[in-house]
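For the sequence shown, position 152 (counting from the first letter as 1) is numbered 151 according to numbering that gives the first Met the number 0, and the numbering increases by one without interruption.
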Amino acid sequence: MRRRIIVLGSTGSIGKNCLDVVRANKNLFKVVGLSAQSNDGELAAQIAEFKPEKVALSNEPSWRRLRSAAPRRVGVLAGDSGPVELVETLKADVVVAAITGGAGLASVFAAVKKGIRVAIANKEPLVMAGGMIMSAAKKHGSTIAPIDSEHSAIWQCLHKERPDRVARLILTASGGPFLGMTKRQLAGVTPAQALRHPRWKMGRKITVDSSTMMNKGLEVIEARWLFDVPAKKIEVVVHPQSIVHSMVEFVDSSVMAQLGLPDMRVPIAYALSAPDRWPSRLRRLSVAEMGRLDFMPPDLKRFPCLSLAYEAVEKGGAAPIRLNAANEVAVEAFLGGRIGYADIPRVIAKTLGRNGPLKIGGLEGIMEADAAARETARGCL
Ligand code: MG
0 MRRRIIVLGS TGSIGKNCLD VVRANKNLFK VVGLSAQSND GELAAQIAEF KPEKVALSNE
60 PSWRRLRSAA PRRVGVLAGD SGPVELVETL KADVVVAAIT GGAGLASVFA AVKKGIRVAI
120 ANKEPLVMAG GMIMSAAKKH GSTIAPIDSE HSAIWQCLHK ERPDRVARLI LTASGGPFLG
180 MTKRQLAGVT PAQALRHPRW KMGRKITVDS STMMNKGLEV IEARWLFDVP AKKIEVVVHP
240 QSIVHSMVEF VDSSVMAQLG LPDMRVPIAY ALSAPDRWPS RLRRLSVAEM GRLDFMPPDL
300 KRFPCLSLAY EAVEKGGAAP IRLNAANEVA VEAFLGGRIG YADIPRVIAK TLGRNGPLKI
360 GGLEGIMEAD AAARETARGC L
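1) Quick check: is any heavy atom of the ligand MG less than 8 Å from the C-beta of S210?
2) Judging by CA-CA distance, which residue of K182, Q45, L322, N16 is the nearest neighbour of P261?
3) If we count the other Cβ atoms within 10 Å of its Cβ and call it buried at 16 or more, is W224 buried or exposed?
4) Per DSSP, what are the beta-bridge partners of I233 in this structure?
5) With a threshold of 8 Å, are at least 3 pairs of Cβ atoms found where one atom belongs to the stretch 157-169 and the other to the stretch 309-317?
6) Which one of Q257, N24, M263, R72 has the shortest CA to CA distance from I153?
7) Can we count E363 as close to the ligand MG, meaning its CB is less than 8 Å from some heavy atom?
8) If you compare alpha carbons, which of I220, A191, S80 is closest to M133?
9) The ligand MG and D147: does any heavy atom of the ligand fall closer than 8 Å to the residue's C-beta?
10) Which full runs of the beta strand (DSSP E) of 3+ residues lie inside the stretch 131-185, going along the chain?
11) Only counting the same chain, and skipping five residues up and downstream in sequence, which positions put a Cβ closer than 6 Å to that of V20?
12) For V107, report the span of its alpha helix (DSSP H) as first-last.
13) Please classify Q45: is it buried, with 16 or more other beta-carbons within 10 angstroms of its beta-carbon, or exposed?
14) Could you check the C-alpha separation between A96 and M213 for me, to the nearest Å?
15) Could you tell me the distance, in whole angstroms, from the CA atom of A43 to the CA atom of R276?
16) Does E363 come out as helix, strand or coil in the three-state DSSP assignment?
17) Using 9 Å as the threshold, is the C-beta distance between V236 and L292 below it?
18) In whole angstroms, what separates the C-alpha of P60 from that of R301?
19) I383 and G32: beta carbons closer than 9 Å?
20) Confirm the yes/no value for this check: CB of N214, any heavy atom of the ligand MG, distance under 8 Å.
21) For G179, tell me which candidate among S252, P297, V228 has the shortest Cα-Cα distance.
22) I want to check one thing, is the minimum distance from the CB of E234 to the heavy atoms of the ligand MG below 8 Å?
23) Mind checking Q192: buried by the 16 CB within 10 Å criterion, or exposed?
24) Can you have a look at Q184 and say buried or exposed, based on whether 16 or more other CB atoms are within 10 angstroms of its CB?
25) Given that a residue counts as buried once 16 or more other Cβ atoms are within 10 Å of its Cβ, and exposed if not, what is D251?
26) Does DSSP classify R116 as helix, strand or coil?
27) State the Cα-Cα distance for the pair V328 and G187, rounded to the nearest angstrom.
28) Which same chain residues end up closer than 7 Å to K215 when comparing Cβ atoms and leaving out the 5 residues on each side of it in sequence?
29) Quick one, are the C-beta atoms of K231 and A166 less than 9 Å apart?
30) Measuring CA to CA, which of S37, V286, R321, R195 is closest to G11?
31) Based on the DSSP secondary-structure assignment, which residues constitute the bridge partners of R3?
32) Going along the chain, which residues of its own chain have a beta-carbon closer than 8 Å to the beta-carbon of L362, five neighbours each way excluded?
33) Spell out a yes or no on whether the stretch 66-77 and the stretch 112-126 are touching, meaning 3 or more CB-CB pairs, one atom from each, closer than 8 Å.
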């Protein structure tokens with residue numbers, strides 16, 4: 000029997016890579032649901048190829064166009080609640096959560112509550128509500144399978160290891176395109192420069208996050224919840240080649256690493272197949288050809304976003320929500336040409352520093368804290 004899969008965020012970079020994995024394993028999967036924000040053209044092509052039962056499109060004009068273009072048998076849901084409705088109404092074995100930003104939180108919860116596997120690419124749900132998601136997953140028998148390459152690496156290294164035997168998680172970071180820049184050069188970075196990542200082809204928001212190292216900061220928080228390891232036991236090391244995707248050090252001082260060429264289809268396939276592995280035709284790594292691998296500590300002075308993330312996870316409660324919300328607001332403003340590159344950490348630090356309740360209660364409380372932080376961050380632009 001083929002596994003039934005819903006891909007949320009199917010027209011984004013992860014979504015398309017995921018459908019590529021499905022395409023290569025057609026005998027294993029049946030796509031039952033797809034969701035996108037506004038790209039109705041791409042979604043229409045995906046409907047024609049994968050024949051899902053239902054799809055969702057948040058943007059209203061795009062939804063109208065798709066509704067008249069899509070075949071009758073396909074349900075086309077509208078609005079921001081579309082992804083949740085897909086998860087709640089379709090019978091599925093796996094949900095791929097690849098909606099950018101905080102918008103993906105509700106659908107992750109919906110999937111967890113159904114006890115199905117969530118292959119999670121979107122960082123924000125774990126950053127904003129990691130504790131709640133992991134305990135709900137435990138309660139409902141859902142597996143949270145990381146797609147993020149670093150977390151996939153750690154997940155693989157931890158396979159069948161006892162949690163109390165873990166000494167440290169070591170997250171690798173490519174360092175982004177501005178690794179060698181001075182503080183002064185960094186201040187003059189333009190959106191076009193920030194959108195050119197040397198190793199990974201990704202969406203706009205995450206590419207900027209990767210250049211500021213906020214991406215790594217969010218990953219530290221994500222790892223803290225996924226693997227139940229305190230942030231002080233999570234170290235970040237810069238590794239420009241992005242071949243070692245991350246490492247785990249055990250109490251006996253042994254270190255396990257997972258290596259591979261940077262291709263998102265590898266962690267996506269593992270999130271779907273784990274603990275099994277499927278043969279693939281993707282390009283193979285030749286360590287002999289690589290010759291050398293470099294590692295160095297991150298420069299927190301030039302990349303303050305990483306320290307801000309550690310600060311937020313240390314504070315706990317609503318602080319990571321504020322960090323994330325402020326970052327989303329700041330990155331959007333930067334891409335829109337409204338603030339400079341160096342203003343991104345400034346806006347985040349200011350938002351984090353503002354007083355506000357640290358306690359959060361339930362999904363609603365999280366969304367409220369998120370909205371309040373966005374408001375504060377906009378005031379700091
Ligand atoms: Mg990553």
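Using N, Cα and C, we set each Cβ at its ideal position, and we do this for glycine too.
Considering the structure as presented:
1) Walking along the sequence shown from the start, residue 210 turns up at place 211. Result no, Cβ not under 8 Å from the ligand MG.
2) Taking the first residue of the sequence shown as 1, we reach residue 261 at position 262. That would be N16, whose Cα lies nearest to the Cα of P261.
3) One-based indexing of the sequence shown puts residue 224 at position 225. Buried, because 16 or more other Cβ atoms sit within 10 Å of the Cβ of W224.
4) Taking the first residue of the sequence shown as 1, we reach residue 233 at position 234. According to DSSP, residue pairing for I233 in a beta bridge involves L168.
5) no
6) Along the sequence shown, read from residue 1 onward, the residue named residue 153 stands at position 154. Of the candidates Q257, N24, M263, R72, the one whose C-alpha sits nearest the C-alpha of I153 is Q257.
7) Your numbering for residue 363 matches position 364 in the sequence shown. The answer is no for E363.
8) By 1-based counting over the sequence shown, the position of residue 133 is 134. Residue I220 holds the alpha-carbon nearest to the alpha-carbon of M133 among I220, A191, S80.
9) Residue 147 sits at position 148 when you count from the first residue of the sequence shown. D147 Cβ: within cutoff of the ligand MG.
10) 143-145, 165-172
11) Sequence index remark: in the sequence shown, residue 20 carries index 21 (1-based). Excluding five sequence positions before and after V20, the CB atoms of its chain that fall closer than 6 Å to its own CB belong to R264, I267, A268, given in chain order.
12) What you label residue 107 is simply residue 108 of the sequence shown in a count that begins at 1. Residues 104-112.
13) Here residue 45 corresponds to residue number 46 of the sequence shown, with the count starting at 1. Burial call: buried.
14) Position 97 of the sequence shown holds residue 96. Position 214 of the sequence shown holds residue 213. Their backbone Cα atoms lie some 20 Å apart in a straight line.
15) As a first step, residue 43 must be located in the sequence shown, where it is residue number 44. As a first step, residue 276 must be located in the sequence shown, where it is residue number 277. Taking the straight line from one Cα to the other gives about 31 Å.
16) Locating residue 363 in the sequence shown gives position 364, counting from the first residue. If DSSP states are grouped into helix, strand and coil, E363 belongs with the helices.
17) As a position in the sequence shown, residue 236 is number 237, starting the count at 1. As a position in the sequence shown, residue 292 is number 293, starting the count at 1. Cβ atoms of V236 and L292: not closer than 9 Å.
18) Here residue 60 refers to the residue found at position 61 of the sequence shown. Here residue 301 refers to the residue found at position 302 of the sequence shown. So the alpha carbons of these two residues sit roughly 42 Å apart.
19) Shown here, the chain extends from 0 to 380; a query on residue 383 therefore has no answer.
20) As a first step, residue 214 must be located in the sequence shown, where it is residue number 215. Flag set: Cβ of N214 near the ligand MG.
21) If you number the sequence shown from 1, residue 179 lands on position 180. Of S252, P297, V228, the residue nearest in Cα terms is P297.
22) Stepping through the sequence shown from its first residue, residue 234 is reached at position 235. Checking every heavy atom of the ligand MG against the Cβ of E234, none is found closer than 8 Å.
23) Position 193 of the sequence shown, counting from 1, holds the residue named residue 192. Around the beta carbon of Q192, fewer than 16 other beta carbons sit within 10 angstroms, so the residue counts as exposed.
24) Within the sequence shown, the letter at position 185 stands for residue 184. Flag for Q184 reads exposed.
25) Here residue 251 refers to the residue found at position 252 when the sequence shown is read from its first residue. Its Cβ having fewer than 16 others within 10 Å, D251 is exposed.
26) Residue mapping note: residue 116 aligns to position 117 of the sequence shown, counting from 1. In this structure, R116 counts as strand in the three-state DSSP scheme.
27) By 1-based counting over the sequence shown, the position of residue 328 is 329. By 1-based counting over the sequence shown, the position of residue 187 is 188. Answer to the nearest angstrom: the Cα atoms are 19 Å apart.
28) Reading the sequence shown from its first residue, position 216 is the one you call residue 215. The residues are L170, A172, V235, L305.
29) Here residue 231 refers to the residue found at position 232 of the sequence shown. Here residue 166 refers to the residue found at position 167 of the sequence shown. Against a cut-off of 9 Å, the Cβ pair of A166 and K231 comes out as no contact.
30) Numbered from its first residue, the sequence shown carries residue 11 at position 12. Residue S37 is the option with its Cα nearest to G11.
31) Here residue 3 refers to the residue found at position 4 of the sequence shown. Beta-bridge pairing links R3 to K29.
32) As a working mapping, residue 362 is identified with position 363 in the sequence shown. Taken in chain order, the residues that qualify are L104, A105, F108, A128, M131.
33) no
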